[in-house]
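**Q** The number in the numbering used here is simply the position in the sequence shown, starting from 1, with 1209 added. A virtual CB, placed ideally from N, CA and C, is assigned to each residue, including glycine. From a predicted model like this one, the values you see are computed outputs, not experimental measurements. Just dropping this structure here.
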Amino acid sequence: MKTSKKKEGIMFIGNRHTSHLDVFNTPHYRTHKIAQSLSKLYEKVVIVLLDYKTKKFEEKTNDKIHIISIPFTPRTIRFARKQLNMTVEKYNINTLVFSNGPLIATSYLLFKKKKYTLVYEVLDNYKTFFSKKLFFLLSFDKYFRNKVDYCLYVSKQLLDKDKEEKIKAKKFLFPNGVDKKSFFKISQKAARKELGLDNKIKIVGFIGSVDSRVEENLQAICTSLEKKNVNMIVCGHNYEKIKGKNIILNGFLPSEKVNTVINALSLGIVPNRKDEFTDFCFPSKLMEYMACEIPCLATPLPSLEKILPQTCIGPYDMEEFSKSILKILKTEKINYSKDIVSEYYWENLVSNIYEKIKNAE
């Protein structure tokens, strides 16, 4: 059944600088993909990115979505308030979606009093971000979860945590998705030819940010596989932290190259360590591997427990994880059902959450 567009507009308020990215110039970021899917359901879709690094105001339009970057510092609060409220009026906004945590959520206080539908995206365990000195942000975070109409959680673990804390907002699971136009299968042979890689070798790859949650594990894997003459590709932010003679390709990839590199792999890995952050996260990179139909292996993150078969799950111990890698490399067979991925295409996730909110109104 075809859904008619809502005449009112929807506005996303997020952080311009997050996950080592400039979101204003990163069209593959989560908020952009959600906005693109919602443009089929709303007359006006606006992304407002609050910039705490510069005093520069910028705006542009991509695929009918208006994107605005507003300076967000103590000295620019008045300007930010003016721009936010002007944008609300200009685009007839009646739904506000706040993302990227409690610091961004405080911008709600700058909006003129009006009846909005308020949505809060809970993407991480924010208690791991803020020290005791910033306790007021965690206090506001809890206040805001009880203030908004809907909370959307990137993992079931975050949702269950708020259920236990009896947060008042209506709660829905809304995990990270994958863009099927950006991530899709091409032959391994064609991908390697484009990259100038040997078609006969085994290649294990990690494509993503080499942060504290993966660095130590990734280095241990690289060292272990080097002893077995298995090649690796490490691409993404801080790629240079991982050292090994078996690394045959590394660097920070332009978005249009990521799909080719993933398709060149024999196996894609997500070797997150276990900690207070990863217990609640949902790694988007995994779905990108699966959309390209390559074998994958991840540590046993709670969010993946009911999504992936055990054939895709390795232990937290990196020596044993490396053994699991070698076992999969013997066949390079897909170790999951391809049907899983379609559930995580952005257009399907957004359509599903839109209907749930609509039915809950």
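Please classify CYS1490: does DSSP put it in a helix, a strand, or coil?
**A** Numbered from 1 along the sequence shown, position 281 holds the residue referred to as residue 1490. The answer is coil: DSSP assigns CYS1490 none of H, G, I, E or B.
**Q** Take ALA1429 and list the residues in its own chain whose beta-carbon comes closer than 6 Å to its own, dropping the five residues that flank it on each side.
**A** For the purposes of this step, residue 1429 is taken as residue 220 along the sequence shown, with counting starting at 1. Counting only Cβ-Cβ distances below 6 Å, and skipping sequence neighbours, we find MET1527.
**Q** Out of LEU1250, ARG1225, ALA1289, ALA1507, state which residue places its alpha-carbon closest to the alpha-carbon of LYS1262.
**A** By one-based count along the sequence shown, residue 1262 stands at place 53. LYS1262 has its Cα closest to that of ARG1225, out of LEU1250, ARG1225, ALA1289, ALA1507.
**Q** Does the stretch 1438–1447 come into contact with the stretch 1385–1396, if we say contact requires no fewer than three beta-carbon pairs (one atom in each stretch) closer than 8 Å?
**A** Result no; under three Cβ-Cβ pairs closer than 8 Å.
**Q** In this structure, what does DSSP give as the bridge partners for LEU1319?
**A** Along the sequence shown, read from residue 1 onward, the residue named residue 1319 stands at position 110. Answer is none; LEU1319 lacks a bridge partner.
**Q** Would you check if there are 3 or more beta carbon pairs closer than 8 Å linking the stretch 1287–1295 to the stretch 1314–1327?
**A** With a cut-off of 8 Å, the stretch 1314–1327 and the stretch 1287–1295 count as touching, because enough Cβ pairs lie within range.
**Q** Leaving aside the five residues before and after ILE1410 along the sequence, list all residues of the same chain whose C-beta is less than 7 Å from its C-beta, in chain order.
**A** For the purposes of this step, residue 1410 is taken as residue 201 along the sequence shown, with counting starting at 1. For ILE1410, where only same-chain residues beyond five positions count, the Cβ hits under 7 Å are ASN1440.
**Q** State the Cα-Cα distance for the pair TYR1329 and LYS1356, rounded to the nearest angstrom.
**A** As a working mapping, residue 1329 is identified with position 120 in the sequence shown. As a working mapping, residue 1356 is identified with position 147 in the sequence shown. So the two alpha carbons sit approximately 10 Å from each other.
**Q** Let me check understanding here. Comparing Cα to Cα, which of VAL1419, ASN1459, PHE1491 lies closest to LEU1404?
**A** Here residue 1404 is taken as the residue at index 195 of the sequence shown, counted from 1. Of the candidates VAL1419, ASN1459, PHE1491, the one whose C-alpha sits nearest the C-alpha of LEU1404 is ASN1459.
**Q** GLY1223 bridges to which residues according to DSSP?
**A** Counting from one through the sequence shown, the residue named residue 1223 turns up at place 14. Bridge partners of GLY1223: LEU1258.
**Q** Quick check on this structure: which residue in GLU1217, SER1533, MET1220 has the alpha carbon closest to the alpha carbon of SER1433?
**A** Numbered from its first residue, the sequence shown carries residue 1433 at position 224. Out of GLU1217, SER1533, MET1220, SER1533 has the C-alpha closest to the C-alpha of SER1433.
**Q** Taking only three categories from DSSP, how would you classify VAL1297?
**A** On the sequence shown, position 88 is the one that residue 1297 refers to. Three-state result, VAL1297: helix.
**Q** Terminal residues of the continuous beta strand (DSSP E) containing ILE1478?
**A** Within the sequence shown, the letter at position 269 stands for residue 1478. Per DSSP, ILE1478 belongs to the beta strand (DSSP E) from 1476–1479.
**Q** Using C-beta distances below 8 Å, list every residue in its chain close to PHE1383, excluding the 5 sequence neighbours before and after it, in chain order.
**A** Residue mapping note: residue 1383 aligns to position 174 of the sequence shown, counting from 1. GLU1330, LEU1361, TYR1362, VAL1363, LEU1558, ILE1562, listed in sequence order.
**Q** Per DSSP, which one or two residues make a beta bridge with PHE1307?
**A** The sequence position of residue 1307 within the sequence shown is 98, counting from 1. PHE1307 is bridged to ILE1222, TYR1329.
**Q** Are LEU1332 and SER1348 close, meaning C-beta to C-beta below 8 Å?
**A** Numbered from its first residue, the sequence shown carries residue 1332 at position 123. Numbered from its first residue, the sequence shown carries residue 1348 at position 139. Contact: no.
**Q** Report the option in GLU1552, ILE1276, ASP1272 whose CA atom is closest to the CA atom of VAL1255.
**A** Taking the first residue of the sequence shown as 1, we reach residue 1255 at position 46. The candidate whose alpha carbon is nearest that of VAL1255 is ILE1276.
**Q** Is the CB-CB distance between ILE1279 and ALA1244 below 8 Å?
**A** Residue mapping note: residue 1279 aligns to position 70 of the sequence shown, counting from 1. Residue mapping note: residue 1244 aligns to position 35 of the sequence shown, counting from 1. Against a cut-off of 8 Å, the Cβ pair of ALA1244 and ILE1279 comes out as no contact.
**Q** Quick one, are the C-beta atoms of LYS1151 and GLU1435 less than 8 Å apart?
**A** Nothing about residue 1151 can be read from this structure; the chain reaches only from 1210 to 1570.
**Q** How would you write the range of the beta strand (DSSP E) that PHE1415 sits in, first residue to last?
**A** Translated into positions along the sequence shown, residue 1415 becomes position 206. Per DSSP, PHE1415 belongs to the beta strand (DSSP E) from 1412–1416.
**Q** Would you mind sorting ASP1260 into buried or exposed? The rule is 16 or more other CB atoms within 10 Å of its CB.
**A** Mapped onto the sequence shown, residue 1260 falls at position 51. It is buried - the Cβ of ASP1260 has at least 16 other Cβ atoms within 10 Å.
**Q** Per DSSP, what kind of secondary structure is VAL1470 in: helix, strand or coil?
**A** Position 261 of the sequence shown, counted from the start, is the residue given in the question as residue 1470. The answer is helix: DSSP assigns VAL1470 an H, G or I state.
**Q** Please work out which residues of its chain come closer than 6 Å, Cβ to Cβ, to THR1304, disregarding the five sequence neighbours upstream and downstream, and give them in chain order.
**A** Stepping through the sequence shown from its first residue, residue 1304 is reached at position 95. Answer for THR1304: ILE1219, THR1326, listed in chain order.
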